[in-house]
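Student: Protein chains in written order, with my numbering: chain A, 5 to 148; chain B, 5 to 148. Take a look at the following structure, please.
Protein chains: 2
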Amino acid sequence: MQIKEAATHLKLSARILRHYEQAGLLTPSRDANGYRSYSPADLRKASRIRDMIATGFSTREVLTMAPCLTDEGAGACDAGLADLKHKLAQIDRLIFDLQTRRRATLDRIESFESTLSYRSNEREDPGYDTPDHPAVSDRLSGRK
Amino acid sequence: MQIKEAATHLKLSARILRHYEQAGLLTPSRDANGYRSYSPADLRKASRIRDMIATGFSTREVLTMAPCLTDEGAGACDAGLADLKHKLAQIDRLIFDLQTRRRATLDRIESFESTLSYRSNEREDPGYDTPDHPAVSDRLSGRK
DNA sequence: TAGCGCATTGACACTAATGTCAATGTCAAG
DNA sequence: CTTGACATTGACATTAGTGTCAATGCGCTA
Numbered sequence: 005m006q007i008k009e010a011a012t013h014l015k016l017s018a019r020i021l022r023h024y025e026q027a028g029l030l031t032p033s034r035d036a037n038g039y040r041s042y043s044p045a046d047l048r049k050a051s052r053i054r055d056m057i058a059t060g061f062s063t064r065e066v067l068t069m070a071p072c073l074t075d076e077g078a079g080a081c082d083a084g085l086a087d088l089k090h091k092l093a094q095i096d097r098l099i100f101d102l103q104t105r106r107r108a109t110l111d112r113i114e115s116f117e118s119t120l121s122y123r124s125n126e127r128e129d130p131g132y133d134t135p136d137h138p139a140v141s142d143r144l145s146g147r148k
Numbered sequence: 005m006q007i008k009e010a011a012t013h014l015k016l017s018a019r020i021l022r023h024y025e026q027a028g029l030l031t032p033s034r035d036a037n038g039y040r041s042y043s044p045a046d047l048r049k050a051s052r053i054r055d056m057i058a059t060g061f062s063t064r065e066v067l068t069m070a071p072c073l074t075d076e077g078a079g080a081c082d083a084g085l086a087d088l089k090h091k092l093a094q095i096d097r098l099i100f101d102l103q104t105r106r107r108a109t110l111d112r113i114e115s116f117e118s119t120l121s122y123r124s125n126e127r128e129d130p131g132y133d134t135p136d137h138p139a140v141s142d143r144l145s146g147r148k
């Protein structure tokens, strides 16, 4: 599949796909005429990369874990057991990080929703300057 | 509280705090000498802003939901809520995906180890399912 | 064969997020 | 009063992510 079709499928620009490739994140094969050829696996990997970027990771960060983003998991299985374990640790860190963000996001959504619900019978400003939800902000500021 | 202390507390630079302010996200009061004075509420809001930025939102996006980020949470939070939920979905996708791949990697490590020496059993992971992952791939490739 | 659409590379541009530096003001302590 | 830490604003630099344009090649189809 050529770049435009791939881009359309992924809902991102061809420019971005080339950018990912230039950053070493993605390596679609080339066919005879030199055109990039995206396999379904490439598409899936690109999708993951896109998600990583959209979630605030830099291409550099994504690059360090790029092998883990392939379908096969820790890609270079032939590279040795030590490598595999190292990559596994990377994946674990990544998941931990994402879960932290996920929890923060969930908390924020919850606080939004509760705010909305008690705002529905708004009448007058309560006016307290006391911490509204200290637990949330504490947890947020303390982690990263 | 002056900017440096606030920055230290939040674990970000004073530059960033001024940047947030310039972007209209944060409006600490000023005292007589013109120095910014950060209230506890300002700190909490800054913390939320920092999390939003770190999760891939731009200051512009954050600006549209800035009112929702205050302790009082006044204003039209609906748009922000939708954005957050979208981001959460992305994160959930990634985590799910990575976890599947993590399990596959664990399995591969285990089989590698048992091939090398039938004596190694240092892992504690309960037997998961699906060493392969067609469902995941399908879901991802079909996704927006 | 001409034309159209898509591909390639490379250059330039713009914005956002940050860092850093400069020139200068404020203030507390020695 | 001088010094040192911290504040202010503003300018400039850097890096990342993207867009866009130019020059050129490939391939299908009228």
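Ideal Cβ placement from N, Cα and C applies to all residues, glycine included. Being a predicted model, the structure only gives us computed values, none of them experimental.
Put A/SER17 into one of helix, strand or coil per three-state DSSP.
Tutor: Three-state result, A/SER17: coil.
Student: Let me know if B/ASP35 comes out buried or exposed under the rule of 16 or more other beta-carbons within 10 Å of its beta-carbon.
Tutor: exposed
Student: Just to confirm my understanding: we take A/LEU73, look at its own chain, exclude 5 residues before and 5 after, and list those with CB closer than 6 angstroms. What are they?
Tutor: Once the five neighbours on either side are set aside, the close Cβ partners of A/LEU73 are LYS49 and ARG52.
Student: Excluding the 5 residues preceding and the 5 following B/LYS91 in the sequence, name in chain order all residues of the same chain whose CB lies nearer than 8 angstroms to its CB.
Tutor: Annotation for B/LYS91: THR59, GLY60 and PHE61 place their beta carbon closer than 8 angstroms to its own, counting only its chain and skipping 5 residues before and after.
Student: Whole angstroms are fine: how far does the CA of B/LEU67 sit from the CA of B/THR119?
Tutor: 56 angstroms
Student: In this structure, how does DSSP classify B/SER62 when only helix, strand and coil are distinguished?
Tutor: Looking at B/SER62 - three-state DSSP - the assignment turns out to be coil, as it is neither helix nor strand.
Student: Using the C-alpha atoms, what's the distance from B/ARG40 back to B/ALA18?
Tutor: Going from the Cα of B/ALA18 to the Cα of B/ARG40 covers about 11 angstroms.
Student: Could you name the residues of the same chain whose beta carbon sits closer than 6 angstroms to that of B/ALA70, not counting the 5 residues immediately before and after it, in chain order?
Tutor: LEU29
Student: Spatial neighbours of B/GLU128 within its chain, please: C-beta separation below 6 angstroms, excluding the five flanking residues on both sides.
Tutor: The predicted position of B/GLU128 is uncertain, since its pLDDT is 42 and thus under 50; a value taken from the coordinates is nonetheless stated next. So no residue of the chain qualifies.
Student: Figure out for me which residue from A/LEU21, A/THR63, A/SER115 and A/ALA93 has the closest Cα to the Cα of B/LEU110.
Tutor: It is A/ALA93.
Student: Determine, using beta carbons only, whether B/LEU85 and A/PHE100 come nearer to each other than 8 angstroms.
Tutor: no
Student: In or out: B/ASP55 buried (at least 16 other Cβ within 10 Å) or exposed?
Tutor: buried
Student: With a cut-off of 8 angstroms, does the C-beta of B/GLY28 fall near any C-beta of chain A?
Tutor: no
Student: In the structure shown, what three-state DSSP assignment does B/ASN125 receive?
Tutor: Because the pLDDT of B/ASN125 is 46, which lies under 50, any placement of that residue in the model is unreliable, and the number read from its coordinates should be weighed accordingly. When secondary structure is reduced to three states using DSSP, B/ASN125 falls in the coil class, being assigned neither helix nor strand.
Student: Quick one: is A/ASP35 near chain B, going by C-beta distance under 8 angstroms?
Tutor: A/ASP35 does not count as touching chain B.
Student: Quick check: is the beta carbon of A/LEU110 nearer than 8 angstroms to any beta carbon in chain B?
Tutor: yes
Student: Kindly say whether A/MET56, judged by its beta-carbon, lies nearer than 8 angstroms to any beta-carbon of chain B.
Tutor: yes
Student: Helix, strand or coil for A/SER115? Go by DSSP, reduced to three states.
Tutor: Secondary structure at A/SER115: helix, using DSSP grouped into helix, strand and coil.
Student: Less than 6 angstroms between C-beta atoms, sequence neighbours within five positions excluded: which residues of the same chain meet that for A/TYR42?
Tutor: Hits under 6 angstroms: MET5, ALA10 and PRO32.
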